[in-house]
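Participant: One structure is given below, represented as structure tokens, and several questions about it will come after.
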């Protein structure tokens, strides 16, 4: 039984690998970059931070620099002291704390610019943030391609990507939701195995119509 499950996981891993997208094939005026929760509290410091996420910083920064001038949304998680989410997850990213700040590697002019919208969110799913609803209403007709990067792949990234995809499905609008494997990560904690959760989450997203690729060329 265990061997069968392991083989299934390898099969899932093989299914999600091998794809690539050229940024040059995604017109600037029709493409948006969504950066999810690259804050200190999930990367460098705090109970929810992870050295796994630190390893994708260079890739996340590289995509940001290459998409200078593109429309971007940066989701930054932040919570009040009595956040309901703390009934599910450890306390993290308290408003006005270091944990709630964007990592320093993404604060440069090549990554943040006039077309960047910063949205603070109080749940795992940035789609529900009121500011994102406003941004989407203003941009959904023009933006046809969404590149999503950041953390955690099995929670915040997955929740947002699948909600965005199903939102467009409901409206019968065809949009590309692209997730590069080398620019998303999760954490290891007790029975939460990062490698396993990453494979399962990416496979589930692909099976729901999200374009999972190895990298953005």
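Numbering (my numbering), first residue to last: 143 to 359.
We treat Cβ as the ideally placed atom computed from N, Cα and C, and that holds for glycine.
What's the C-alpha gap between residue 286 and residue 312?
Facilitator: Going from the Cα of residue 286 to the Cα of residue 312 covers about 16 Å.
Participant: Should the stretch 188-208 be regarded as contacting the stretch 318-331, the criterion being three or more beta carbon pairs within less than 8 Å?
Facilitator: Judged by Cβ distances under 8 Å, the stretch 188-208 makes contact with the stretch 318-331, as three or more pairs qualify.
Participant: State the CB to CB distance for the pair residue 213 and residue 164, rounded to an integer number of angstroms; the pair is presumed to be in contact (CB under 8 Å).
Facilitator: Actually they do not touch by this definition, with Cβ atoms about 19 Å apart.
Participant: For residue 254 and residue 180, which I take to be in contact (beta-carbon distance under 8 Å), what is that distance rounded to the nearest angstrom?
Facilitator: At roughly 12 Å, the Cβ-Cβ gap does not stay under 8 Å, so residue 254 and residue 180 are not in contact.
Participant: Does the beta-carbon distance from residue 209 to residue 170 come in below 9 Å?
Facilitator: Contact: yes.
Participant: Could you tell me the alpha carbon to alpha carbon distance between residue 291 and residue 144, rounded to whole angstroms?
Facilitator: Spanning the two alpha carbons is a distance of roughly 32 Å.
Participant: Where DSSP assigns a beta bridge to residue 353, which residues make up the other side?
Facilitator: According to DSSP, residue 353 bridges with 320.
Participant: On a CA-only basis, which of 338, 355 and 299 is nearest residue 151? Give me that one, please.
Facilitator: Comparing Cα positions, the closest option is 338.
Participant: What residue range does the alpha helix (DSSP H) around residue 331 cover?
Facilitator: Careful: residue 331 lies outside any alpha helix (DSSP H) and carries neither H nor E.
Participant: For a test of the three-state rule: what should DSSP assign to residue 340, helix, strand or coil?
Facilitator: The answer is helix: DSSP assigns residue 340 an H, G or I state.
Participant: DSSP beta-bridge partners for residue 216?
Facilitator: Residue 216 is bridged to 177 and 260.
Participant: Assuming residue 307 contacts residue 315 (C-beta within less than 8 Å), just tell me the rounded distance between them.
Facilitator: That belief does not hold up - the Cβ atoms of residue 307 and residue 315 are roughly 10 Å apart, past 8 Å.
Participant: Any idea if residue 220 is buried or exposed, counting beta-carbon neighbours within 10 angstroms, 16 or more meaning buried?
Facilitator: So residue 220 counts as buried.
Participant: What residues in its chain sit with their C-beta under 8 Å from that of residue 194, if we drop five residues either side in the sequence?
Facilitator: Excluding residues within five positions, the ones whose Cβ falls inside 8 Å are 327, 328, 329, 330 and 336.
Participant: Under 8 Å by Cβ, that's how I've got residue 234 and residue 189 pegged, so tell me the actual separation to the nearest angstrom.
Facilitator: Right, their Cβ atoms sit about 6 Å apart.
Participant: For residue 310 and residue 239, what's the separation of their Cα atoms in angstroms?
Facilitator: Cα to Cα, residue 310 sits roughly 35 Å from residue 239.
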